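See below for the structure under consideration.
Residue numbers (my numbering): 12 to 239.
Put into structure tokens, the structure is as follows:
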């Protein structure tokens with residue numbers, strides 16, 4: 012049996028609670044690194060939107076609708092940087108370094124792959140409009156291209172790739188749309204590799220202390236051969 016190497020990328024440290032460092036490496040994406048478009052500006056929930064369309068002007072009606080539907084989420088947390096170029100370069104090196112090993116990577120979605128929180132579903136929009144919307148979610152076309160190159164590289168090197176998210180749109184009627192978005196930068200994404208991180212409950216001890224996050228519970232239950 013090949014030796015396995017497993018990584019998990021997330022922007023929330025509590026999602027790592029309960030993992031075994033002997034079985035998996037957890038990489039924290041800094042939640043406090045504000046997106047460059049809002050740096051040094053007093054944050055309000057539409058700031059990222061306004062700064063984004065200044066830098067990337069286009070027909071942005073769909074983004075306006077997105078913020079209208081998600082205004083509570085956008086009000087709570089300013090966009091961050093998500094996975095940065097330094098993470099991508101280090102990950103590419105890790106893949107090459109472990110070329111002969113079986114590799115698994117689990118990526119969070121919100122504020123790890125994207126720089127924002129959540130997304131809206133739109134009916135009857137063109138592929139171009141969907142691409143423009145995804146550019147917005149990930150912080151611009153330049154970062155989209157970086158992600159596209161990363162996932163292409165991982166796929167060519169036979170890395171097992173999963174997106175493990177607590178975003179509720181990863182399950183139910185919006186799931187096909189979520190998968191369609193992912194396939195804009197990772198065309199060969201398998202539908203079964205989109206995992207809902209809240210499928211199982213968090214585990215607490217008798218004193219009410221969190222001992223295992225729902226994402227770690229899911230990994231251990233859904234991938235017993237990897238984490239046994």
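No residue lacks a Cβ here, since even glycine has one placed at the ideal position from N, Cα and C.
These numbers come from a predicted model, not from an experiment.
*CA-CA distance, residue 103 and residue 159?*
13 angstroms
*Whole-angstrom distance between residue 13 and residue 109, CA atom to CA atom*: 11 angstroms
_residue 214 (DSSP reduced to helix, strand or coil)_ = Residue state, collapsed to three classes: strand.
*At least three beta-carbon pairs within less than 8 angstroms, the stretch 47-66 to the stretch 193-209*: no
*Can you give me the Cβ contacts of residue 306 inside the same chain, cut-off strictly under 6 angstroms, excluding the 5 residues immediately before and after it?*
The question about residue 306 has no answer here: the residues shown for the chain are numbered 12 through 239.
*asked:* Once the 5 residues before and after residue 143 are set aside, which same chain residues still bring their CB inside 7 angstroms of it?
replied: 69
*residue 214 and residue 228: beta carbons closer than 8 angstroms?*
yes
_Quick check on DSSP: helix, strand or coil for residue 176?_
strand
*Ignore the nearest five residues each way along the sequence and tell me which others in residue 240's own chain have a CB closer than 6 angstroms to its CB.*
For residue 240 there is no data in the structure shown, the boundaries of the chain being 12 and 239.
*Out of curiosity, what's the CA-to-CA distance linking residue 130 and residue 148?*
8 angstroms
*Roughly how many angstroms separate the alpha carbons of residue 218 and residue 45, rounded to a whole number?*
A direct Cα-Cα distance of roughly 36 angstroms separates residue 218 from residue 45.
*Output the distance between the C-alpha atoms of residue 254 and residue 152, rounded to the nearest integer angstrom.*
Past the boundaries of the shown model lies residue 254; the chain is included only from 12 to 239, so the question cannot be answered.
*Rounded Cβ spacing between residue 165 and residue 116 (contact assumed at less than 8 angstroms)*: Rounded, the Cβ-Cβ distance is 7 angstroms, consistent with contact.
_Top-ranked residue by Cα proximity to residue 156, from 135, 121, 19 and 99_ = 99
*Where do the ends of the alpha helix (DSSP H) carrying residue 207 lie?*
Counting along the chain, residue 207 falls outside any alpha helix (DSSP H), though it belongs to the beta strand (DSSP E) covering 205-207.
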